[in-house]
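K.L.:
Every letter in the sequence shown is one number past the one before it in the UniProt record's numbering, and letter 21, counting from 1, is 21. Where a beta carbon is used, it is the ideal one built from N, C-alpha and C, also for glycine.
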Amino acid sequence: MRVGKGPFAYVRGAKRSKDAWEALENVYEVQGALGVVLLRRRFYGARCEEGADIEEHIRMLRGWQEELASLGKAMSEEDFSYAILTSLPDSWDSFIRGIDTTSLDNSHRLIARILEEDRRLRNRNGDTALAAKYNPNVSCYNCGKKGHVASNCKKQKNGGGSGGNGKTDDGKSEGNSRRRRGRGGKATKEGKDSSKSDQAHQVTDDYAFPAIDDAPKDVALAALTNTAILADCAASSHFFRDRAHFTSYVATPGHEVKGLGKAPGVGRGTVVLISKVGDREIPITLKDAVHAPAMPYNLVSLGRATNGSLDVVLRGNELRVVDTKKKIVIMRGLKTAEHLYRLDARAGAPAAPDIALTVRSARTWEDW
């Protein structure tokens, strides 16, 4: 019997291995009991939030069940089934009422039914692609304020300004307006004279990011191919055409993407993008992306990004996605001839992605 230096002091006088085991059991029994109690609290206190990833939640419960079994506190199949049902959101009560209690002795069958119901609910709600969607965090590149895009800008409709000619609502050039605001969040005297209401909605340099110094003033508008990755503030999910882009995949036969006629969404999974920002390459994980081969382009949902700690800024011919916690730009895009924003990114599979962009978990654009 081999014993480490720490526990050796407790078994030094033992004559037999049985005596040594009993001594160690007596020393560590209290700590083991505490471990079981803490694990039970975590297990029975777990609740799946509305809109969260049901499959991930069940996987977490299964892991805790196995940990309890390893501590000698195995749980029956029926008890585990009841624990799963108890942890589901309130909106699942009608589903739970339809469960036959005599079938709860097989947790695998119950989990299969729950996952099938989850897929049915998501497919019924559908994925609305290219449909108008209010996004309070998107910024207008015409007036610089949040909550709308240039096509819906009131100043532009009133004839006060236009994203195309670089004019502001007072007829002065956007460049002069930017100089009035100053750089680095500092304002000139003229900027301080503006109303407090305007300042409250003004995009500061911390979020707006002035035009890139190393880019030419007249940005070339590149033509698109069907392999392009575009930013879309109206898409409810991420959409990718190529099955090879997915690192994990679940088929969804019969699912259709609304807004594209009868375009099928044949599967779902995880796509890893490598975003190019300056000389840096940033891996970004897009979870619950839809495999839609009939899509004209690949789409990244900006609405997903703003669910987490990310902010989206549109300014002229440029789009930027910024991590507000780290204060860094994690993705860039330039406007194309089709007035769409093409992201400077490619599909890849890095070993350790450091930014996750999702849609279904509160951790995740916080676990896009």
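Just how far apart, CA to CA, sit Gly348 and Arg332?
P.N.:
Here residue 348 is taken as the residue at index 348 of the sequence shown, counted from 1. Here residue 332 is taken as the residue at index 332 of the sequence shown, counted from 1. So the two alpha carbons sit approximately 17 Å from each other.
K.L.:
Go through its chain and collect everything with a Cβ distance to Val329's Cβ below 6 Å, but skip five positions before and after it.
P.N.:
Your numbering for residue 329 matches position 329 in the sequence shown. Val277, Arg320, Val322.
K.L.:
Exposed or buried, which one is Val30 when buried takes at least 16 other CB atoms within 10 Å?
P.N.:
One-based indexing of the sequence shown puts residue 30 at position 30. Reliability fails at Val30, whose pLDDT of 47 lies under 50, so the model's placement of it is uncertain and the value that follows must be treated cautiously. The residue is exposed, with fewer than 16 neighbouring Cβ atoms inside 10 Å.
K.L.:
Are Val250 and Arg268 touching if we call contact CB-CB under 7 Å?
P.N.:
For the purposes of this step, residue 250 is taken as residue 250 along the sequence shown, with counting starting at 1. For the purposes of this step, residue 268 is taken as residue 268 along the sequence shown, with counting starting at 1. In this structure, Arg268 lies closer than 7 Å to Val250 by Cβ.
K.L.:
Our contact map puts Asn317 next to Leu230 with C-beta atoms below 8 Å; I'd like the distance itself, whole angstroms only.
P.N.:
Position 317 of the sequence shown, counting from 1, holds the residue named residue 317. Position 230 of the sequence shown, counting from 1, holds the residue named residue 230. 14 Å between Cβ atoms; not a contact.
K.L.:
So for Ser248, helix, strand or coil by DSSP?
P.N.:
Counted from its first residue, the sequence shown places residue 248 at position 248. Three-state DSSP puts Ser248 in a strand.
K.L.:
On the premise that Ser309 lies in contact with Arg236, defined as a C-beta separation below 8 Å, what is that separation, rounded to the nearest angstrom?
P.N.:
To locate residue 236, count along the sequence shown from 1; it is residue 236. To locate residue 309, count along the sequence shown from 1; it is residue 309. Sequence inspection shows Ser at residue 236; the Arg mentioned does not correspond to that position. No, Ser236 and Ser309 are not in contact; Cβ-Cβ is about 20 Å, not under 8 Å.
K.L.:
Just verifying my parser: in three-state terms, what is the DSSP assignment at Glu281?
P.N.:
Residue mapping note: residue 281 aligns to position 281 of the sequence shown, counting from 1. DSSP places Glu281 in strand when its eight states are reduced to three.
K.L.:
I need the straight-line Cα distance from Cys48 to Ser87, nearest angstrom please.
P.N.:
For the purposes of this step, residue 48 is taken as the residue at position 48 of the sequence shown. For the purposes of this step, residue 87 is taken as the residue at position 87 of the sequence shown. Looking at the two C-alpha atoms, the distance is approximately 6 Å.
K.L.:
Are the Cβ atoms of Glu78 and Asp105 separated by less than 7 Å?
P.N.:
Reading the sequence shown from its first residue, position 78 is the one you call residue 78. Reading the sequence shown from its first residue, position 105 is the one you call residue 105. For Glu78 and Asp105, yes; Cβs fall inside 7 Å.
K.L.:
Leaving out the 5 sequence neighbours to the left and right, which residues in its chain are closer than 6 Å to Glu281 when beta-carbon positions are compared?
P.N.:
As a working mapping, residue 281 is identified with position 281 in the sequence shown. Answer for Glu281: Ile274, listed in chain order.
K.L.:
Out of curiosity, what's the CA-to-CA distance linking Phe240 and Trp21?
P.N.:
Position 240 of the sequence shown, counting from 1, holds the residue named residue 240. Position 21 of the sequence shown, counting from 1, holds the residue named residue 21. Cα-Cα distance, rounded: 58 Å.
K.L.:
Report the partner residues of Ala240 according to the DSSP bridge assignment.
P.N.:
For the purposes of this step, residue 240 is taken as the residue at position 240 of the sequence shown. The sequence shown places Phe at residue 240, not Ala. BP columns for Phe240 point to His291.
K.L.:
Under three-state DSSP, which class holds Leu334?
P.N.:
For the purposes of this step, residue 334 is taken as the residue at position 334 of the sequence shown. In the structure shown, Leu334 sits in a strand (DSSP, three-state: E or B).
K.L.:
Assuming Gly265 and Thr247 are in contact, meaning their beta carbons sit under 8 Å apart, how far apart are those beta carbons, in whole angstroms?
P.N.:
If you number the sequence shown from 1, residue 265 lands on position 265. If you number the sequence shown from 1, residue 247 lands on position 247. That pair is no contact at about 18 Å.
K.L.:
Taking buried to mean at least 16 other C-beta atoms within 10 Å of its own C-beta, is Lys325 buried or exposed?
P.N.:
Sequence index remark: in the sequence shown, residue 325 carries index 325 (1-based). Classification of Lys325: exposed, given that the 10 Å Cβ count is below 16.
K.L.:
Taking the straight line between their C-alpha atoms, what separation do you get for Val290 and Asp311?
P.N.:
Your numbering for residue 290 matches position 290 in the sequence shown. Your numbering for residue 311 matches position 311 in the sequence shown. Taking the straight line joining both Cα atoms gives about 23 Å.
K.L.:
Residue range of the alpha helix (DSSP H) that residue 370 falls in?
P.N.:
Here the chain covers residues 1 to 368 and nothing more, so residue 370 does not appear.
K.L.:
Rounded to the nearest angstrom, what separates Glu58 and Arg41 at their Cα positions?
P.N.:
Within the sequence shown, residue 58 is the residue found at index 58, counting from 1. Within the sequence shown, residue 41 is the residue found at index 41, counting from 1. Contrary to the premise, residue 58 reads as Ile rather than Glu in this sequence. One C-alpha to the other measures close to 16 Å.
K.L.:
So which of Asp279, Ser76, Arg120 has the shortest CA-CA distance to Gly254?
P.N.:
The sequence position of residue 254 within the sequence shown is 254, counting from 1. Nearest of Asp279, Ser76, Arg120 to Gly254, Cα basis: Arg120.
K.L.:
DSSP state of Lys325, grouped into three classes?
P.N.:
One-based indexing of the sequence shown puts residue 325 at position 325. Of the three classes helix, strand and coil, the one that applies to Lys325 here is coil, per DSSP.
K.L.:
Taking the beta strand (DSSP E) that Arg346 falls in, what are its first and last residues?
P.N.:
In the sequence shown, counting from the first residue as 1, residue 346 sits at position 346. It spans 345 to 347 - the beta strand (DSSP E) in which Arg346 sits, taken as one unbroken run.
K.L.:
Let me make sure I understand the geometry here. Which of Ala74, Cys233, Asp118, Lys18 has the alpha-carbon closest to that of Pro89?
P.N.:
Your numbering for residue 89 matches position 89 in the sequence shown. Comparing Cα-Cα distances from Pro89 to each of Ala74, Cys233, Asp118, Lys18, the minimum goes to Asp118.
K.L.:
If we count the other Cβ atoms within 10 Å of its Cβ and call it buried at 16 or more, is Pro216 buried or exposed?
P.N.:
Along the sequence shown, one-based indexing puts residue 216 at 216. At Pro216, the pLDDT of 40 sits below 50, so the modelled position is not reliable and the matter cannot be decided from this model.
K.L.:
Would DSSP call Leu71 helix, strand or coil?
P.N.:
Position 71 of the sequence shown, counted from the start, is the residue given in the question as residue 71. The answer is coil: DSSP assigns Leu71 none of H, G, I, E or B.
K.L.:
Just confirm the distance between the C-beta atoms of Ala46 and Leu61, as a whole number of angstroms; I'd bet it's less than 8 Å.
P.N.:
The residue given as residue 46 occupies position 46 in the sequence shown. The residue given as residue 61 occupies position 61 in the sequence shown. Indeed they touch by this definition, with Cβ atoms about 6 Å apart.
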